[in-house]
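Asker:
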Amino acid sequence: MRDKEQSNIKIKKICDRRLFQLRDVSLNIMVGEEKQNLITRPPVVVVLGHIDHGKSSLLLAIRKMEVPAGKPGGVITQHIGAYQIEREGKKITFIDTPGHEAFSQMRSRGAKVADIAVLVIDSCEGVKAQTKEAISCLKRLGIPIIVALNKIDKPEANPERVKRELQKEGILVESMGGKIPAVNLSAKTGENIEELLELILLIAEMEELKTDLEKPAEGTIIEAYLDNRRGPTATLILNQGKLGPGQIIGTSSTLGRVKTLEDFQGVPISEALPSQPVIVLGFENVPKVGEKLKVFPDIETARANLEIEEKMAPEIINVKSDQRVLNLILKADVLGSLEAIEGALKNLPQEKIILRILKKGVGEITESDVKLASQAKAKILGFRVKINPVAKILAEREKVKILAFEIIYDLVEGVRKFMEKLGKPKLIRKDLGKVKTLVIFLTEKNRQIVGGRVIEGEVKKGTLIEIFRNKELIGKGKLINLQINKKDVDKAIKGRECGILYEGEVKIEVGDGLSIYTEERQKD
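Be aware that the sequence shown starts at 28, since it is given in my numbering, and climbs by one per residue.
(1) Please say whether Leu469 and Ile492 have beta carbons closer to each other than 9 Å?
(2) Pick helix, strand or coil for Cys164, following the three-state DSSP scheme.
(3) Per DSSP, which one or two residues make a beta bridge with Ala431?
(4) Val174: which of Ile482, Gly76, Asp517 sits nearest, CA to CA?
(5) Looking at the structure shown, is Asp437 part of a helix, part of a strand, or coil, going by DSSP?
(6) Who are the near neighbours of Ile9 in its chain, counting only those whose CB is closer than 7 Å to its CB and skipping five residues on each side?
(7) So what does DSSP say about Asp539, is it helix, strand or coil?
(8) Using CA atoms only, rank isn't needed, just tell me which of Gly390, Lys215, Leu372, Val389 is closest to Arg383.
(9) From the DSSP output, in three-state form, read off Phe130 for me.
(10) Is Ile434 closer than 9 Å to Val537 when the C-beta atoms are compared?
(11) May I have the straight-line CA-CA distance separating Asn312 from Ser280, to the nearest angstrom?
(12) Enumerate in chain order the residues of its own chain whose CB-to-CB distance from Ile380 is below 6 Å, with the five nearest sequence positions on each side excluded.
(13) Could you check where the alpha helix (DSSP H) with Glu232 kicks off and where it finishes?
(14) Figure out for me which residue from Gly293, Ile143, Lys398 has the closest Cα to the Cα of Arg257.
(15) Candidates Asp458, Leu454, Asp539, Glu423: which alpha carbon is nearest Gly479's?
(16) Based on the DSSP secondary-structure assignment, which residues constitute the bridge partners of Thr238?
(17) Tell me which residues share the same chain as Gly504 and place their Cβ nearer than 8 Å to its Cβ, disregarding the 5 neighbours each side in the sequence.
(18) Would Leu85 be called buried (16 or more neighbouring beta carbons within 10 Å of its own) or exposed?
(19) Would the beta-carbon of Lys513 fall within 9 Å of that of Gly526?
(20) Could you have a look at Glu298 and say whether DSSP puts it in helix, strand or coil?
(21) Thinking C-alpha only, which one of Gly153, Lys118, Lys195 is nearest Ile179?
Put into structure tokens, the structure is as follows:
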């Protein structure tokens, strides 16, 4: 079965390549001189996966295959890192993102600069929490995915079961009738890693990754830190243009002049090209991961841009009259998770609803957390933590909402829904009275004049109407005007006959029951 699947994949590759060659020729003929400045750039590949599913092992295996002998291999760390390999004369850039859920935000930033994603899954364990989190992230970004089913060298490996699990998450691989390629491989033995690299190059070819070297350099910061010896240091990947020593560079938070450029192995280079991971020295301060980098003609222009960015940056502002506040208490398993959650929540739009974190910490949800939530009308968010039994009882008594999450993306979505609900004004309904329709005086397109008797309560001008026919609600409308004995009145009480000017799409008929009510916005 495996040989047949691999054969089908190879046939598909040949067909795709031929189609691409024909399309490329036609595009060159159609576009002509407009494409002269465009060149093909290497693909940038982000590697995602659950912790211990073999993501780093796969990257190391690829490195050992592709890095020329005698050159330093570098070290893959817990920070976002990148390196480049060359295969059959074509280069591929890999971005390594940490596997632990605490670095969810870093993974999202890494994936934003990528062209292709490799989702690594242990074919023995299957789809796990961080796998689902990675899938959600990739769906939002909309980049091509390759599924790498790792550890097939183990006897308990079951790739077919994993494919079925992926189908439940909306990832349908080619062998099951979908469009997403999947490769059964082993980072330990090296089996089918060549096939993975071929697929990456094929997809890159189909995606037509082009760039313009004549445009000013632009890129993204994917790693940054303060080196005690060398000063602010950043790793970036360009998406257009060329970067060289002496150029003025800037992000939304800092600027500088390029002093030194190094490749991912720490070797000095004279020029950085698109898709190439490059280490840059020369910033005045450490830039933020995920920031966009631009080249400026001079320091003054870069500093002016920095000032503009600072003015445009979101500020902590006082709550306006038309804004509401959602108070939160955050408890997480580890500090890294807490920081990632805070970062993700800051990205939620807060024009109408302000998020206010009253308390945050690591460990179980306690009685003091519930007491604070009760006093401040706050929601408690727990990420992979337990609830103290006493706290649970107190929360039920005080009607404090405690929400538990296992995936950061689900937590953020939960908060987003709370914000949407809070942003909608709550209307309080007040029932006034009921009318039985006795006669229809006039019927127009969306208006009627009807006569009826108040059989319960009272009827007021400028209220709302529900129409019931055979005890079934069939429509709604407005009570525009009210008359008694052909004279305008403000209200009619039980037992009185009245005329009603009704506005609505559903037509009232004789015998219909009219329920009269008002809706008022609830006061905070």
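C-beta: ideal position from N, C-alpha, C; glycine also.
Answerer: According to the structure shown:
(1) Not a contact, by the Cβ cut-off of 9 Å.
(2) Note: Cys164 maps to helix in three-state DSSP.
(3) The partner list for Ala431 (beta bridge, DSSP) reads Gly409.
(4) Of Ile482, Gly76, Asp517, the smallest CA-CA separation from Val174 is found for Gly76.
(5) Residue state, collapsed to three classes: helix.
(6) Here the chain comprises residues numbered 28 to 551, so residue 9 is not present and cannot be evaluated.
(7) Coil, per DSSP.
(8) Restricting attention to Gly390, Lys215, Leu372, Val389, the CA atom closest to the CA of Arg383 is found in Leu372.
(9) Confidence is the limiting factor: at Phe130 the pLDDT is only 41, short of 50, which leaves the residue's position unreliable, though a coordinate-based value still follows. Reduced to three states, the DSSP call for Phe130 is helix.
(10) Cβ distance not < 9 Å, so Val537 and Ile434 don't count as in contact.
(11) Taking C-alpha positions only, Asn312 is separated from Ser280 by approximately 8 Å.
(12) Result list for Ile380: Arg351, Leu353, Met446, Leu449, Gly450, in chain order.
(13) Segment 220-234, the alpha helix (DSSP H) holding Glu232.
(14) For Arg257, the closest of Gly293, Ile143, Lys398 by C-alpha to C-alpha distance is Gly293.
(15) Looking from the CA of Gly479, the closest CA among Asp458, Leu454, Asp539, Glu423 belongs to Asp539.
(16) Per DSSP, the beta bridge partners of Thr238 are Ile66.
(17) Hits under 8 Å: Leu491, Ile492, Ile494, Tyr529, Glu530, Gly531, Glu532, Val533.
(18) It is buried - the Cβ of Leu85 has at least 16 other Cβ atoms within 10 Å.
(19) For Lys513 and Gly526, yes; Cβs fall inside 9 Å.
(20) Secondary structure of Glu298 (DSSP, three-state): coil.
(21) The shortest C-alpha separation from Ile179 is found at Gly153.
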